[in-house]
Each structure stands twice: as C-alpha cells, then as structure tokens.
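Novice: Handing you a structure now.
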Amino acid sequence: EDTFKRRILLDSLDEIHPKRGEKKVFDELKDRAVYLPTSVTSENAFIVKYADRTQQEIAKRLVRTSLATIEHIKPNSEEGENNIANFMLTSAGANNLRSNMPLYKFINMFPNIPKYCQKHINQIIELIHKGQLKGNETYPYKVKNTLARESKGRIILDLSEYKYTREDAMAAEKRHYKKQLT
Numbered sequence: 093e094d095t096f097k098r099r100i101l102l103d104s105l106d107e108i109h110p111k112r113g114e115k116k117v118f119d120e121l122k123d124r125a126v127y128l129p130t131s132v133t134s135e136n137a138f139i140v141k142y143a144d145r146t147q148q149e150i151a152k153r154l155v156r157t158s159l160a161t162i163e164h165i166k167p168n169s170e171e172g173e174n175n176i177a178n179f180m181l182t183s184a185g186a187n188n189l190r191s192n193m194p195l196y197k198f199i200n201m202f203p204n205i206p207k208y209c210q211k212h213i214n215q216i217i218e219l220i221h222k223g224q225l226k227g228n229e230t231y232p233y234k235v236k237n238t239l240a241r242e243s244k245g246r247i248i249l250d251l252s253e254y255k256y257t258r259e260d261a262m263a264a265e266k267r268h269y270k271k272q273l274t
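Numbering (my numbering), first residue to last: 93 to 274.
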C-alpha cells in the first residue's frame, strides 16, 4: 500500500536518537507529528484511507472505534500501574489514538477531555449511590488524584455530589470485602 501512515512515522521517530544539541528540535518535531491527521480525527483522512474498502470494512471500522475500552490514565508503557486508580473507561478510538502519549499532551489535542472525565465520574458516582458498584466506593477519590497528577492539574474532578467522604468510602469497601469473605 502506498499511502502515508502516521503510525509508521511516529514509530520511526521513536527509534531515532538525536545528537547533542538536536534534542529540543527533535522533540518539537515529534510533538508536531502527533498532531498529523488520522482517520479518527479527520474526515478527509478517513475517506482517503477507506476509499477502496468494502462497505463491511467501513462499517466495522466505524463501530470498532466507538466500543468501550479500559484506558490507563498513566500509560502502562510509562510505568502506569494496572490498578483501579489508573483506569478509566474510554472509546477504543481515543485509546488507540492516545497510545502512550502523556495525558497532559493529549488534552492539548482534545481540550474537552476534562469535561468528559467529569461526566464519567458523575456516572460512576450515580452507580455507586444506587449500590451497583459495591466495593469500589474509593474509586472516585483514587481516580481524581491520578487524573490531577497526570494532567498536570488540568483535570480536577468535582466530587461535591458524592455522598461518601474518603473515610466513609474506605469503610464501605472494607465492609463489602469482609462480607465477601464470610
């Protein structure tokens, strides 16, 4: 296939080790390359990429990117842990697009991310209040801390509607797991 592939460019840039004095310019080049259009972010890029594909392939691609996936707030490749404090639900398209990019840089590309994170946590809080996520009462506090740190303060979740204090949430989780053991 003879079309440009953004991912190949980004991967090849990761393999280059700039010489002394070139690092600043090289890092700026890599940062700008991330903003190149993709079939996820640009209708034109989508049309070019899928022009010769079947209707089934196009439909599959449109559905696939909208499926929910678990996102590491701090990327696994950057030593992000595999625990609840580092997980959020996102679309497969956003997860793939972000790849291992730091959250604060991804927010530069998509400035509505803080708003979406707040909507997500509001839904989680509602489910916890309904008793549908027992054993996860501390999640809002944990994810709030992770998002604030990884976004460099650009995502500060509002938990004012949450009925649990941090201490009450820890006690509720403890009761839940104690009950599970008996």
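In this text, a Cβ means the ideal position worked out from N, Cα and C, and glycines have one as well. None of these values were measured; they are calculated from a predicted model.
1) Quick check: the Cα distance between Tyr142 and Arg156, rounded to an integer number of angstroms?
2) Could you round the C-beta distance between Tyr196 and Glu242 to whole angstroms and report it? I think they count as a contact, below 8 Å.
3) Would you mind giving the Cβ-Cβ distance between Arg246 and Pro194, rounded to the nearest angstrom? I have them listed as a contact below 8 Å.
4) Need the endpoints of the alpha helix (DSSP H) that His212 sits in, please.
5) Need the endpoints of the beta strand (DSSP E) that Leu181 sits in, please.
6) Let me confirm a value: Asn204 is counted as buried when at least 16 other C-beta atoms fall within 10 Å, else exposed. Which label applies?
7) Within 10 Å of its beta-carbon, does Ile217 have 16 or more other beta-carbons around it, so buried, or fewer, so exposed?
8) Could you please give the first and the last residue of the uninterrupted alpha helix (DSSP H) stretch that includes Thr146?
9) If you reduce the DSSP assignment to three classes, tell me which class Ile162 lands in.
10) How would you write the range of the alpha helix (DSSP H) that Asn192 sits in, first residue to last?
11) Return the first residue and the last residue of the alpha helix (DSSP H) that His109 is part of.
12) CA-CA distance, Glu265 and Gly227?
13) From which residue to which residue does the alpha helix (DSSP H) around Pro232 run?
14) Between which two residues does the alpha helix (DSSP H) carrying Asp250 extend?
15) State the Cα-Cα distance for the pair Gly185 and Val132, rounded to the nearest angstrom.
Specialist: Quick look at the numbers:
1) Those two C-alpha atoms are separated by around 14 Å.
2) At roughly 7 Å, the Cβ-Cβ gap stays under 8 Å, so Tyr196 and Glu242 are in contact.
3) Not a contact, Cβ separation roughly 11 Å.
4) Secondary structure note for His212: its alpha helix (DSSP H) is the uninterrupted segment Ile205 to His221.
5) If you look at Leu181, you'll find it in the beta strand (DSSP E) that goes Phe179 to Ser183.
6) Counting other Cβ atoms within 10 Å of its Cβ, Asn204 stays below 16 and is therefore classed as exposed.
7) So Ile217 ends up on the buried side.
8) Counting along the chain, Thr146 falls outside any alpha helix (DSSP H), and DSSP gives it neither H nor E.
9) In the structure shown, Ile162 sits in a strand (DSSP, three-state: E or B).
10) No alpha helix (DSSP H) holds Asn192; DSSP gives it neither H nor E.
11) Premise fails: His109 is in no alpha helix (DSSP H) and is neither H nor E.
12) If you take the alpha carbons of Glu265 and Gly227, they lie about 4 Å apart.
13) Pro232 -> alpha helix (DSSP H) spans Tyr231 to Glu242.
14) DSSP places Asp250 outside any alpha helix (DSSP H), giving it a letter other than H or E.
15) Cα to Cα, the separation comes out at about 7 Å.
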